[in-house]
Every structure is written in structure tokens, then in C-alpha cells.
Amino acid sequence: MVGWVAPGCIDPYVLSDALSPNSSLAGVKGAGTFNFSLNYDFTELIPQDVDVISQHDWIFANWEFHKAHCAYVWRILASALERKSKGEKGVYIYRTLLTYEHSLHCSKVLLDREKSLLEPTKMQAGGTNRCVLL
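For the sequence shown, the residue numbers in numbering that gives the first Met the number 0 are 0 to 133.
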């Protein structure tokens, strides 16, 4: 996610895998580190650090990150549903991931073949990612 997340809503395995250059998705640019900026032309870079990113209402990433982000949140959802189906209690998920609108948004992002992976995309970063109990 982009921005602050309640600790109970973080899936440590999925988060670790999403940031790892050794992830099975790193080779297809679905994991690892990405560039973030305070402006469209990427002249004010900021680190991929939630404490820095969450200090800003809006940031820029490139389309490559946006695709990786959508793949990441779907992995979070799949992991949460799998854990819940195995009887785990207290499984929380980002509220936005339970909306059909967000699944449509991510479907469009992932299926888009016209935008360059380097094209900047503006992303909301400030605020809190709300969690709900499954």
C-alpha cells in the first residue's frame, strides 16, 4: 500500500515478498524497489519508505509501480482469504480491497497495454488505509 497502515492489517509475508529483489515476481517487475517523487518529472525523488511517503498527500510513481501495487494488493486479498478459509481468526484486510470499484480499477491498470511503464502516475499517499475484519 501507499501510506500508513495499521499493524494488524499488514501481512508480513506478502509485504516482505513484495519488497524483495528475490521475489518470484521481481523478474516481471512485480516486486522490489521503485522510484517515488514529489513531482511529475521525477526531479524531487523520495525514498520508498512509508514514514517519508505518508508525510505527503500526493506522490508520483511510474506506471510500472502502479501495476506492481495492484498485483500486491491482490496477493494481500488472496492471502487473507486463504488464511480465513483455514480457520485463522482476526484476519484483517484493507477496506478498499473489498470494493468492486477497486478491482475494476486494478484490472484496467494491469490490462492496459498503451501506457509506457515509465509514465508517471499520481497517487494519494496521505491518510490512513482503513482495515476491516474478514
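We put the CB at the ideal spot given by N, CA and C, even for glycine.
Please go through the same chain and pick out, in chain order, the residues whose beta-carbon is closer than 6 Å to the beta-carbon of residue 71, but skip the five residues on each side of it.
-> 17
Taking 8 Å as the threshold, find out whether the stretch 108-124 comes into contact with the stretch 62-71 through three or more Cβ pairs.
-> yes
Residues near residue 124 by beta carbon distance below 8 Å, same chain, minus five either side | 1, 2, 52, 53, 55, 56, 57 and 58
Just curious, the beta strand (DSSP E) that residue 41 is in, first and last residue?
-> Run containing residue 41: none; DSSP gives neither H nor E here.
How big is the Cα-Cα spacing for residue 6 and residue 41?
-> 30 Å
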